[in-house]
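In full-length UniProt numbering, the protein residues as written are 1 to 326.
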Ligand SMILES: [Fe+2]
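What follows is the structure in structure tokens.
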């Protein structure tokens, strides 16, 4: 179990750990290789505090695909259904922009481009980056629409449940990986999946503990002052630039930050920002015995939070195109 999931995967790991030959073929495409240059958490990973513990979307996506493969094997899926869930898991983040969620709102505002739209364009080969991946999928007779349906959570059958449920392969891998920043891991992803398959959602179960851990991770990292500041100043640096183009969405972070290396923040005084936040709460009164009511027990409560941010001391631009100073 220990060797099954890793924070970094080698070429050999990919051949060793997956049963279907399509996985190594997809991993070699330009679109998938680009994920090595996309930070897992976006701008916060480009700050001095976290840059030494940086993760990327390549390793996260392989981890998610391994969980999907484990689920498919335990559920006794046919080869066809197993390949569909593994490939959908592998490609679920293929459309993330440089700095992920940190910069995406700028593209959404100006060009109507977000990671859902970009994912579809890449999978259908409608942009240059997706041409090679699209032809690999065609070679293996994989339908892009079926993948999009699965990864969007629209399929609520037992095949798609592992994407559509609050307890899904993406979030299980992500919160486990997130433990590497805060230096703790309270659960093993395969144990969470086992409990999910066995419908073990009683009080004190590992799924309850996983949900509490998800809450901790969001509040320690994503909604921390550093997390909010990194997102805010990254957007502020790039937002004033009229050169921002739709094609920038498909760059790696290194190339993106090289293009905007001279940008500085626009403010000298502290600024109070209001952000949308989510609380992940277990409602123990809700006993669930089937998957359709899981969201009644594993609740997501939305609210807002104000954060006072101070501009970077020296108003420095992206340094060496690798770090954001906050
Ligand atoms: Fe993901």
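The beta-carbon is built from N, C-alpha and C at its ideal position, and this holds for glycine as well.
Inter-residue Cα distance where the pair is residue i and residue j
i           : j           : result
residue 58  : residue 66  : 13 angstroms
residue 123 : residue 7   : 26 angstroms
residue 235 : residue 32  : 25 angstroms
residue 209 : residue 54  : 25 angstroms
residue 26  : residue 134 : 10 angstroms
residue 71  : residue 197 : 8 angstroms
residue 149 : residue 84  : 11 angstroms
residue 102 : residue 231 : 5 angstroms
residue 9   : residue 94  : 17 angstroms
residue 156 : residue 193 : 17 angstroms
residue 206 : residue 17  : 25 angstroms
residue 248 : residue 204 : 46 angstroms
residue 305 : residue 287 : 31 angstroms
residue 128 : residue 29  : 12 angstroms
residue 107 : residue 257 : 15 angstroms
residue 79  : residue 73  : 9 angstroms
residue 68  : residue 269 : 47 angstroms
residue 180 : residue 211 : 17 angstroms
residue 285 : residue 111 : 44 angstroms
residue 202 : residue 291 : 13 angstroms
residue 176 : residue 195 : 16 angstroms
residue 251 : residue 105 : 16 angstroms
residue 308 : residue 117 : 33 angstroms
residue 109 : residue 126 : 21 angstroms
residue 244 : residue 77  : 45 angstroms
residue 267 : residue 302 : 29 angstroms
residue 47  : residue 113 : 26 angstroms
residue 239 : residue 199 : 46 angstroms
residue 44  : residue 12  : 30 angstroms
residue 51  : residue 299 : 32 angstroms
residue 15  : residue 265 : 45 angstroms
residue 241 : residue 260 : 8 angstroms
residue 310 : residue 280 : 28 angstroms
residue 182 : residue 214 : 12 angstroms
residue 49  : residue 289 : 43 angstroms
residue 312 : residue 254 : 21 angstroms
residue 145 : residue 4   : 30 angstroms
residue 227 : residue 178 : 13 angstroms
residue 271 : residue 283 : 36 angstroms
Per DSSP, the bridge partner or partners of residue i
i           : result
residue 298 : 282
residue 22  : BP columns for residue 22 are empty, so no partner.
residue 307 : 273
residue 39  : 56
Residue i: CB within 7 angstroms of a non-hydrogen atom of ligand 2
i          : result
residue 90 : For ligand 2, the structure offers nothing, since it holds only ligand 1.
Proximity test, Cβ basis, 8 angstroms: residue i and chain D
i           : result
residue 150 : Of the protein chains in the structure, only one exists, and it is not chain D.
Review point. Fully enclosed by the stretch 78-138, which alpha helix (DSSP H) runs are 4 residues long or longer?
Key: 79-90, 104-111, 115-123
Review point. Are the stretch 136-156 and the stretch 12-32 in contact at 8 angstroms, needing three or more beta carbon pairs?
Key: Yes: the two stretches touch, three or more of their Cβ pairs being nearer than 8 angstroms.
Review point. Three or more beta-carbon pairs under 8 angstroms between the stretch 219-229 and the stretch 32-39, yes or no?
Key: no
Review point. Does the pairing of the stretch 262-277 with the stretch 111-128 give three or more beta-carbon distances under 8 angstroms?
Key: no
Review point. Listed in chain order, which residues are found with a beta carbon closer than 5 angstroms to a heavy atom of ligand 1?
Key: 93, 170
**Study point:** alpha helix (DSSP H) runs wholly inside the stretch 244-269, at least 4 long, in chain order
**Key:** 253-259
**Study point:** the stretch 88-95 touching the stretch 211-221, judged by at least three CB pairs closer than 8 angstroms
**Key:** no
Review point. Using 8 angstroms as the threshold, is the stretch 95-107 in touch with the stretch 161-168, meaning 3 or more CB pairs across them?
Key: no
**Study point:** Validate contact between the stretch 292-301 and the stretch 168-179 using beta carbons, cut 8 angstroms, 3 pairs
**Key:** no
Practice item. Give, in chain order, every unbroken run of the alpha helix (DSSP H) that is at least 4 residues long and sits entirely within the stretch 171-224. Key: 189-197, 206-217
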